[in-house]
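Comments concern the structure below.
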Amino acid sequence: MGFTHYQGPASAFPRMHEWKSFETIFNANKAEMAKTGDTGEDIGRIWNGVREASHKIGVEDRVIFAIIMQESTGNVGVGTTTNMDGHGTGGLMQCDGSPQFGGKHGLSQDQITSMIMAGTKHFKANLKQVGDKDNEDCIYKALRLYNSGSMNEANLSDGKGATNSYVSDVANRLCGRTN
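For what it's worth, our numbering labels the leading residue of the sequence shown as 82, then goes sequentially.
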């Protein structure tokens, strides 16, 4: 199913009751993760890492996983990119300061969880900037901050130099759509 383009304020994006369960979203993306070279164990360890980060940091598991799929397609061996500030961003969630294991697969649970914990902590800091609530308004705004570091609240598809469609793409993933 193709992606729907959303734009405008957070209220113009899908409501949480439209989002699929973590299990549904995860299972819909297993084939995409496997295409990256991830082993079955890597994929299972991503599940475990997401659940642990969600529990310990207090971020929805489906939001964490949707960010992973947007940032790296779940590729545990994804390389490092550079953000708009010139800092290296690595790991499954492509965030500043995350461990990364470029080109490697068959990673340990600790290695995979360390990438997910780093990205989830980064997202949680963004969530705190906008009210730290488990609702669409805060989550969508925090996603904009996660991707670009700033936001136009009237249009979360204004990337301010980053990926314009980022919040829309993650919203689609939360609704169960895949690449």
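Ideal placement from N, C-alpha and C gives every residue a C-beta, glycine not left out.
Predicted model only: the values in this text are computed from it and were never measured.
Name the two residues that bound the continuous alpha helix (DSSP H) containing residue 267. Residue coverage of the chain in this structure runs from 82 to 260, which leaves residue 267 outside it and unanswerable.
Compare the C-beta of residue 129 with all C-beta atoms of chain C and state if any pair is closer than 8 Å. Absent here is chain C; the protein component of the structure consists of one chain.
In whole angstroms, what separates the C-alpha of residue 90 from that of residue 241? Locating residue 90 in the sequence shown gives position 9, where the first residue counts as 1. Locating residue 241 in the sequence shown gives position 160, where the first residue counts as 1. Within the model, the alpha-carbon separation for residue 90 versus residue 241 is close to 15 Å.
Just checking, does the region 189 to 200 make contact with the region 122 to 130 on the three C-beta pairs under 8 Å criterion? By the C-beta criterion, the region 189 to 200 is judged to be in contact with the region 122 to 130, since at least 3 inter-stretch pairs fall below 8 Å.
Same chain, Cβ closer than 8 Å to residue 138, neighbours up to 5 away in sequence not counted: For the purposes of this step, residue 138 is taken as the residue at position 57 of the sequence shown. Counting only Cβ-Cβ distances below 8 Å, and skipping sequence neighbours, we find 198, 201, 202 and 205.
Residue 156: which of 210, 260, 246 and 186 sits nearest, CA to CA? Working through the sequence shown from its first residue, we reach residue 156 at position 75. That would be 186, whose Cα lies nearest to the Cα of residue 156.
Do residue 250 and residue 88 come within 8 Å of each other at the CB atom, strictly closer than that value? The count along the sequence shown starts at 1 and reaches residue 88 at position 7. The count along the sequence shown starts at 1 and reaches residue 250 at position 169. Their beta carbons are not under 8 Å apart, which means residue 88 does not touch residue 250 by this criterion.
Measuring straight from C-alpha to C-alpha, what distance separates residue 142 and residue 101? As a working note, residue 142 is residue 61 in the sequence shown. As a working note, residue 101 is residue 20 in the sequence shown. Distance from the CA of residue 142 to the CA of residue 101, rounded to the nearest whole angstrom, comes to 11 Å.
Near residue 182, what residues of its chain come up, given a Cβ to Cβ distance below 7 Å and the 5 sequence neighbours on each side ignored? Mapped onto the sequence shown, residue 182 falls at position 101. Answer for residue 182: 157, 158, 188 and 192, listed in chain order.
Runs of alpha helix (DSSP H) lying entirely within the region 196 to 240, each at least 4 residues, in chain order: 217 to 229, all fully within the region 196 to 240.
If you check the beta carbons only, do residue 84 and residue 253 fall under 8 Å apart? As a working note, residue 84 is residue 3 in the sequence shown. As a working note, residue 253 is residue 172 in the sequence shown. Cβ distance < 8 Å, so residue 84 and residue 253 count as in contact.
What does the alpha-carbon distance come out to for the pair residue 221 and residue 248? Counted from its first residue, the sequence shown places residue 221 at position 140. Counted from its first residue, the sequence shown places residue 248 at position 167. So the two alpha carbons sit approximately 6 Å from each other.
To the nearest whole angstrom, what separates the beta carbons of residue 94 and residue 217, a pair I think is in contact under 8 Å? On the sequence shown, position 13 is the one that residue 94 refers to. On the sequence shown, position 136 is the one that residue 217 refers to. Their Cβ separation, rounded to whole angstroms, is 6 Å, which keeps residue 94 and residue 217 in contact under 8 Å.
Unbroken alpha helix (DSSP H) run spanning residue 189, endpoints: As a working note, residue 189 is residue 108 in the sequence shown. Judged by DSSP secondary structure, residue 189 falls outside any alpha helix (DSSP H); it is assigned neither H nor E.
Using the rule of at least 16 other Cβ atoms within 10 Å of the residue's Cβ for burial, across every protein chain shown, is residue 119 buried or exposed? One-based indexing of the sequence shown puts residue 119 at position 38. Burial is judged here by how many other beta carbons sit within 10 angstroms of a residue's own beta carbon; residue 119 has at least 16 and is buried.
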